[in-house]
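K.L.:
Mind looking over this structure? Questions follow.
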Amino acid sequence: MNIQTEQDIIHLIENDEWMMNVLQMAKSLELPDWWICAGFVRSKIWDTLHDYEVRTTTPDVDVIYFDPFRKNEVYEQLLEKNLINLDASIPWSVKNQARMHVVNNMPPYSSSVNAISKFPETATALGVTLDERNNVILTAPCGIEDVLSLQVRPTAHFLESKERLHMYKNRVIKKNWQSKWPNITITYPEI
């Protein structure tokens, strides 16, 4: 499949029964400003661009939301348990972005999309959600060009400091994405 636009990415997800079921399960939590992000979206795109017929296993399915009134990690764990009760085969991860800035040692995020924009790599700064009619909505605050051209590079946020660039470099090395998707190109900016 040729993927060139955000609408192409949306169609790719809409035509994936497993992804739509995962989105429905996340939606059932009725969380404010919720998205499934990062590898859930990126891996589907890269698998398609590599002509893989079998889904690449991801270490987790990242469900994020933004609730400034309930910043309790125990509540996130309860939400994960609710999702596990729906499908225990999925490696669920649920995080409230209203508190994750503390974990990530950054200024507070203003929304889930704002948090996604501060992910380490542009190709990972992607999220999908469902609207009230169950239409797939895509957010790509850093654009889709890099993910579609199989480029891994730091987001503008990670380019702002040497400390974050070190984090980016270490993360990319640890992820070893080229072993799964050999056609990707990784950029390592000077630190």
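Offset between the sequence shown (1-based) and my numbering: plus 638. Glycine is no exception: its CB is placed at the ideal position from the N, C-alpha and C atoms.
Assess contact between the region 659-672 and the region 680-696, defined as three or more Cβ pairs (one per stretch) separated by less than 8 Å. Is contact present?
P.N.:
no
K.L.:
According to the neighbour-count rule (16 or more other Cβ atoms, all chains shown, within 10 Å of its Cβ), is residue 784 buried or exposed?
P.N.:
buried
K.L.:
Considering only residues of the region 711-775, which uninterrupted beta strand (DSSP E) runs meet the minimum length of 3 residues and lie entirely inside it, listed in chain order?
P.N.:
Taking only runs of at least 3 residues, the beta strand (DSSP E) segments lying wholly in the region 711-775 are 730-734, 765-768.
K.L.:
Go ahead and label residue 811 buried or exposed: buried means 16 or more other beta carbons lie within 10 angstroms of its beta carbon, across all protein chains shown.
P.N.:
exposed
K.L.:
Please classify residue 815: does DSSP put it in a helix, a strand, or coil?
P.N.:
helix
K.L.:
Hey, out of 646, 779, 704, 721, whose CA is closest to residue 664's CA?
P.N.:
721
K.L.:
Does DSSP classify residue 823 as helix, strand or coil?
P.N.:
It is a strand residue.
K.L.:
Where do the N-terminal and C-terminal ends of the beta strand (DSSP E) with residue 673 fall, by residue?
P.N.:
673-675
K.L.:
Could you check whether residue 743 and residue 705 sit closer than 8 Å to each other, using their CB atoms as the reference points?
P.N.:
Using a Cβ distance threshold of 8 Å, residue 705 and residue 743 do not count as a contacting pair.
K.L.:
Quick one: what does DSSP say residue 645 is sitting in, helix, strand or coil?
P.N.:
If DSSP states are grouped into helix, strand and coil, residue 645 belongs with the helices.
K.L.:
Is it buried or exposed for residue 707, if we count other Cβ within 10 angstroms and need 16 for buried?
P.N.:
Classification of residue 707: exposed, given that the 10 Å Cβ count is below 16.
K.L.:
Can you grab the Cα-Cα spacing for the pair residue 750 / residue 683, in whole Å?
P.N.:
21 Å
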